[in-house]
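J.:
Protein chains: 10
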Amino acid sequence: MLFHVRMDVQLPADLDPGERDALLAREKAYSQELQLDGRWPHLWRIAGEYANISIFDVASNDELHELLSGLPLFPHMRIHVTPLAHHPSDIHD
Amino acid sequence: MLFHVRMDVQLPADLDPGERDALLAREKAYSQELQLDGRWPHLWRIAGEYANISIFDVASNDELHELLSGLPLFPHMRIHVTPLAHHPSDIHD
Amino acid sequence: MLFHVRMDVQLPADLDPGERDALLAREKAYSQELQLDGRWPHLWRIAGEYANISIFDVASNDELHELLSGLPLFPHMRIHVTPLAHHPSDIHD
Amino acid sequence: MLFHVRMDVQLPADLDPGERDALLAREKAYSQELQLDGRWPHLWRIAGEYANISIFDVASNDELHELLSGLPLFPHMRIHVTPLAHHPSDIHD
Amino acid sequence: MLFHVRMDVQLPADLDPGERDALLAREKAYSQELQLDGRWPHLWRIAGEYANISIFDVASNDELHELLSGLPLFPHMRIHVTPLAHHPSDIHD
Amino acid sequence: MLFHVRMDVQLPADLDPGERDALLAREKAYSQELQLDGRWPHLWRIAGEYANISIFDVASNDELHELLSGLPLFPHMRIHVTPLAHHPSDIHD
Amino acid sequence: MLFHVRMDVQLPADLDPGERDALLAREKAYSQELQLDGRWPHLWRIAGEYANISIFDVASNDELHELLSGLPLFPHMRIHVTPLAHHPSDIHD
Amino acid sequence: MLFHVRMDVQLPADLDPGERDALLAREKAYSQELQLDGRWPHLWRIAGEYANISIFDVASNDELHELLSGLPLFPHMRIHVTPLAHHPSDIHD
Amino acid sequence: MLFHVRMDVQLPADLDPGERDALLAREKAYSQELQLDGRWPHLWRIAGEYANISIFDVASNDELHELLSGLPLFPHMRIHVTPLAHHPSDIHD
Amino acid sequence: MLFHVRMDVQLPADLDPGERDALLAREKAYSQELQLDGRWPHLWRIAGEYANISIFDVASNDELHELLSGLPLFPHMRIHVTPLAHHPSDIHD
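Chains as they are written, first to last, in full-length UniProt numbering: chain A, 1 to 93; chain B, 1 to 93; chain C, 1 to 93; chain D, 1 to 93; chain E, 1 to 93; chain F, 1 to 93; chain G, 1 to 93; chain H, 1 to 93; chain I, 1 to 93; chain J, 1 to 93.
1) Could you give the DSSP three-state label for F/L24: helix, strand or coil?
2) Roughly how many angstroms separate the alpha carbons of E/V81 and D/I79, rounded to a whole number?
3) Where does E/A29 fall in DSSP's three states?
4) Taking the CB atoms as reference points, tell me whether C/L84 and D/I46 lie closer together than 8 Å.
5) Could you tell me which of G/I91, G/L64 and G/P72 sits nearest to G/A25, measuring between CA atoms?
6) Name the two residues that bound the continuous beta strand (DSSP E) containing G/H86.
7) Three-state secondary structure (DSSP) at E/G16?
8) Which residues in chain A sit within 7 Å of C/M1, going by Cβ to Cβ distance?
9) Give me the chain A residues within the contact set of C/L84, using Cβ-Cβ distance strictly less than 8 Å, ordered along the chain.
10) Go ahead and pull the three-state DSSP assignment for I/S89.
11) Rounded to whole angstroms, what's the CA-CA distance from residue 155 of chain C to A/W40? Just pull it up for me.
12) To the nearest angstrom, report how far apart H/M77 and I/E27 are at their CA atoms.
13) CB J/R6 to CB J/I53, shorter than 8 Å?
14) Consider the Cβ of E/D37: report whether some Cβ of chain F lies at a distance smaller than 8 Å.
15) Which class does I/L73 belong to by DSSP, given the choice of helix, strand or coil?
16) Quick check on C/S69 - is its C-beta less than 8 Å from some C-beta in chain D?
17) Could you tell me the distance, in whole angstroms, from the CA atom of A/P92 to the CA atom of A/H86?
18) When the Cα atoms are used, what is the spatial distance from D/M1 to D/L67?
19) Tell me whether the beta-carbon of H/G48 lies closer than 8 Å to the beta-carbon of B/H65.
20) Please decide whether F/L11 counts as near chain E, where near means a Cβ-Cβ distance under 8 Å.
21) Based on DSSP bridge pairs, tell me the residues matched to C/R6.
22) Does DSSP put F/L36 in a helix, a strand or coil?
23) Could you work out which residue in D/A51, D/E33 and D/L15 is closest to D/G70 when comparing CA atoms only?
24) Do you know whose CA, among A/Y30, A/P17 and A/D14, lies nearest B/S89's CA?
25) Using a cut-off of 9 Å between C-beta atoms, extract the partners of H/D90 located in chain J.
26) Under three-state DSSP, which class holds H/L43?
27) Since I believe I/A13 is in contact with F/P12 (beta carbons under 8 Å), could you give me their beta-carbon distance rounded to a whole number of angstroms?
28) What does the alpha-carbon distance come out to for the pair J/P17 and I/P75?
29) Considering only the alpha carbon of each residue, which of G/A51, G/G38, G/I55 and G/E63 lies closest to G/D8?
30) Taking Cβ positions, are C/D57 and C/G38 nearer each other than 8 Å?
31) Identify, in the order they occur along the chain, each residue of the same chain with its Cβ nearer than 8 Å to the Cβ of G/Q35, setting aside the five sequence neighbours on each side.
32) Taking just the CA atoms, how far does A/Q10 sit from E/Q10?
33) Please confirm whether D/V81 has its beta-carbon closer than 8 Å to some beta-carbon of chain E.
Rendered as structure tokens:
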């Protein structure tokens, strides 16, 4: 089941550079693990913004929330979820 | 080069049912042709709305506009385009 | 799986009163069938508005879209869906 | 009498972790007490957000405000209330 | 129990003048009946707009919706309700 | 001459509790003085929010601004004023 | 007493050209009468828009509403009023 | 003196095709005349929308309004003007 | 050439009172100098808000930006400019 | 390929003046380098605001994002990108 997710990042201005690097490294590892297991099939940067548009493929709303609220950057992001359905003109399936 | 496109459809209330069916059939054929040639790789319905979220893969802004303004439903849609870039955490090259 | 759905109704000003009554009767029957089979567990009127807030309980986004787009009033409504997850303080399992 | 309430939480970035845990524990206890006595019948997490949608069942606007302004997280939330009425298609009395 | 209600009127451009006068006369009579029985204690015009701000005093959300949806102008208005509570600095008990 | 005023309060997170209490006491005294002399005839809490809706009765825009800008909480509030006029259906002269 | 008024005009697409000219002539005459008697001291076009920004000088909110609602274009305009007060840095009085 | 202008076109759904073609031809001729005389130095289509972003170079606000309100499509466009100034980092004088 | 300018002031909460007074004194002097030389012909307080609406009379967009960006409060204000043109119903030349 | 970019700057209130000057000098140098190599052909100040409107000419969305995210002021700006296409009335090929 697919969900469209937009994430806008806003890091605190006074974040320690070392902490910041560690935080971003954890975010990257977390994200890549989910991409590899197939639950985060698409991840795009919005050109010009510190934000991304992602597609998640999960079994339920609860699983989606668990994944998103587990993001290391979760406390520093504004997230908006849009549930997606099959489009009648889609040539897949 | 990828673009995120949201399209919201608003058909005129007094559209003749026959015209409406013909219009939607042309839209479907047009869309599937672009999906087949690889320029419209993703097409999803937004659950509960007469709207879609799509990903286009084109060589330029001009090509994107030519494709979108050629949609049979173009006069009846509100369209918003967001340019996408590679995300540094994306596991696909 | 629960979804929060807000529906705002806007009937055409020139709708024939007979058609209007028939349309609303079909909407009511459709809604009550879904309430009875458990997929539309809550339906509330927003005080002062021709709008409702509903909770749907379905197996997938696709099922949700099928139910909503099948509403007799669908062409005359603006609908917004919010996916719901379990809250950690909720006393119901 | 039912009210729809959306609460968006925004904790201060520099909140002491111990204070934070104590605050969230008080919020949970407060919420569960109201759920148990029947005045907070529904509590859902919005998937992907630090926010909830709740239904309150109280005797008056004053009682609702007393309950909401007493929430331990009240100073850290943006709250919006929508009064609900019986819907004519609702199958429950 | 008090509610703050804002109503914005938008009459159809092609409304027959005779129908319009009859409609407005019914609205006025309806409004004055509710003012006289104490359930619509305040009614103000917003300067420069075809809109009003009103205070209603009713026993429940259901009663409020019954009154508002019974307004002759209801199909031609956008209405927004805000529930009011006692203010701790209010000098009236 | 009546004005509708909405005030949303946002106290600084790091306000000293003693200062806060003193500030709120001054606000209450100031508000009650204006209520008693008839220039602030209505003051309501918006249910669920740290905000109020008020009606002021003053001789001019200048007098209104003098009263509002003199509020002890003025630096911590977002205020919006709407001028009110007599409504033709109002039963009070 | 001064008020800032923004008016956005939206004429019906199917307005008869003769009626339109007569309507605009009445609007101009009405406006110039009020400018001459000093109650509409400033009237500016917003560059690029069918809209104006005006300053009115009237004795009360009621007088302002009477003037604005009497505009021949009133049914075809969206109007927003902002009450103005003396600015402490203003060099006039 | 430069101005940034965004124009969104909304043609009436029932516009006669012949009238529509004539109108668009007049718009094109008008636009190209202004481009040739240097007062409309840039004209871009917004990808995916029936809208443009333009730069105008005129001597005054009045001249700008005269040019824009003279556009054959003016009654069918929503226009927004932003005045531009020299940027201190601009390498052109 | 006239411009409509709205300025909303937001002083930092922790501004030193002495610095604040000096800053406001410089703002007042700067403003009055421009009023006296005729380039800032109108300055009004928005009733109830720490904001003003002003009319500037300058030779160009560049001059306007130079004046506004030179305001001592410029770093603490949100400013929005609207270019004004002659209105055809204006009785002044 | 052209992109319209709006950038709104918001420097931290407590930025050290020396750091601020160095940061702005780096921003200017970076911007002028891109103007000189032709990838940032237009840069305008929005009159009255600490903001600019720019046109970028790049080969791809990725190149655009690389340029924008490399701006020394990037962490202190809100940026919005609009992709531009050729306009059919544009007199330049």
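Where a beta carbon is used, it is the ideal one built from N, C-alpha and C, also for glycine. A quick note: this is a predicted structure, and the numbers were derived from the prediction, not measured.
T.: Reading off the structure:
1) F/L24 falls in the helix class under three-state DSSP.
2) Straight-line Cα distance between these residues: approximately 15 Å.
3) In the structure shown, E/A29 sits in a helix (DSSP, three-state: H, G or I).
4) Taking 8 Å as the Cβ cut-off, C/L84 and D/I46 qualify as a contacting pair.
5) The candidate whose alpha carbon is nearest that of G/A25 is G/P72.
6) Looking at the DSSP string, the run of the beta strand (DSSP E) that includes G/H86 is M77 to H86.
7) Residue identity check: residue 16 of chain E is Asp in the sequence provided, not Gly. In the structure shown, E/D16 sits in coil (DSSP, three-state: anything other than H, G, I, E or B).
8) Going along chain A in sequence order, the residues near C/M1 (Cβ under 7 Å) are S60 and N61.
9) In chain order: N61.
10) I/S89 falls in the coil class under three-state DSSP.
11) Lying before the first or after the last residue shown, residue 155 of chain C is absent from chain C, which here runs from 1 to 93.
12) Taking the CA atoms as reference points, H/M77 sits about 40 Å from I/E27.
13) The Cβ-Cβ distance between J/R6 and J/I53 falls below 8 Å.
14) At a cut-off of 8 Å between beta carbons, E/D37 makes no contact with chain F.
15) I/L73 falls in the coil class under three-state DSSP.
16) With 8 Å as the cut-off, C/S69 does not count as an interface residue toward chain D.
17) Checking the sequence shown, residue 92 of chain A turns out to be His, not Pro. Across the structure, A/H92 and A/H86 are spaced so that their CA atoms are roughly 9 Å apart.
18) Going from the Cα of D/M1 to the Cα of D/L67 covers about 14 Å.
19) Yes, Cβ-Cβ distance for H/G48 and B/H65 is below 8 Å.
20) It does not; no Cβ of chain E falls within 8 Å.
21) Paired residue(s): C/I53 and C/H80.
22) Of the three classes helix, strand and coil, the one that applies to F/L36 here is helix, per DSSP.
23) Of D/A51, D/E33 and D/L15, the smallest CA-CA separation from D/G70 is found for D/E33.
24) Comparing alpha-carbon positions, the option among A/Y30, A/P17 and A/D14 lying closest to B/S89 turns out to be A/Y30.
25) The contacting residues are S31, Q32, Q35, H42, L43, W44 and R45.
26) In the three-state reduction of the DSSP assignment, H/L43 falls in the strand class.
27) Confirmed, Cβ separation roughly 5 Å.
28) C-alpha separation (whole angstroms): 13 Å.
29) Of the listed residues, the one whose Cα sits closest to G/D8 is G/A51.
30) Yes, the Cβ-Cβ distance between C/D57 and C/G38 is below 8 Å.
31) Apart from sequence neighbours up to five positions away, the residues of its chain that approach G/Q35 with a beta-carbon distance below 8 Å are P41 and L43, ordered along the chain.
32) For E/Q10 and A/Q10, the distance between alpha carbons rounds to 42 Å.
33) So yes, D/V81 belongs to the interface.
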